[in-house]
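Read in the working numbering, the sequence shown has 290 at position 63, and its numbers run on one by one without any break.
Backbone N, C-alpha and C define an ideal beta-carbon position, used for all residues, glycine too.
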Amino acid sequence: MSNVTVASPAKINLSLAITGRREDGFHELISLVAPLAFGDELRAGLVPAGSVNEEETTLACETPGAPLDGTNLVLRAAAAFAAATGWRRAVQFTLIKRIPIGAGLGGGSSNAVAALRAMEMLSGHRLAAEERLALAAGLGSDCPLFLHDGPLVMRGRGEQLTP
228 MSNVTVASPA KINLSLAITG RREDGFHELI SLVAPLAFGD ELRAGLVPAG SVNEEETTLA
288 CETPGAPLDG TNLVLRAAAA FAAATGWRRA VQFTLIKRIP IGAGLGGGSS NAVAALRAME
348 MLSGHRLAAE ERLALAAGLG SDCPLFLHDG PLVMRGRGEQ LTP
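Structure, rendered in structure tokens:
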């Protein structure tokens, strides 16, 4: 497979309680969250051999304010996948952004998980569930919830999930 499109849904916090501050600086929380049908779209394709940037994974997005460098969670997810699997093909990502940046709807976290899924599809390397969860959790507190469909209760900093 050389091109894939992955949905990147938004989420909504139906309830949120901050129950304390952790030693690592994060808030301790309990939240009921649900995915929305609304969201972004991530397109990914293998960069052809012989291309000028055949060794560089890149990101394009027309939304003003969206970072296109290594601070973007899409590129961080691709790098984490490459480090975990050893798969080193360059990928061109195109992010169709519908979730407003900074709106608290989980856009960046959802984009990161969409990138992990795209990398799995393009590489043919299926991560074990525990490995996928560890990569997602390492990218951000909200990322693990996007590995699931349906409402969840989040605890801790967001890494403890109950359907």
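Straight-line gap, residue i to residue j (C-alpha atoms, nearest Å)
i    : j    : result
V233 : L300 : 15 Å
A345 : A271 : 7 Å
A244 : R303 : 29 Å
Q319 : L349 : 11 Å
V380 : N240 : 10 Å
P294 : A309 : 21 Å
L388 : D267 : 23 Å
I323 : L374 : 20 Å
R384 : G247 : 10 Å
G292 : A307 : 23 Å
W314 : G351 : 10 Å
Sub-9 Å separation of residue i and residue j beta-carbons
i    : j    : result
S229 : L273 : yes
Residue environment, residue i, which counts as buried when at least 16 other CB atoms sit within 10 Å
i    : result
T284 : buried
V279 : exposed
A287 : exposed
L263 : exposed
P390 : exposed
S242 : exposed
A355 : exposed
G252 : exposed
Span of the beta strand (DSSP E) around residue i
i    : result
E268 : 254 to 273
T298 : Note, T298: premise wrong, no beta strand (DSSP E); not H, not E.
L322 : 318 to 323
Residues bridged to residue i [DSSP beta-bridge criterion]
i    : result
R382 : I257, Q387
P236 : G266
S242 : L259
Continuous alpha helix (DSSP H) stretch holding residue i: start and end
i    : result
G334 : 334 to 350
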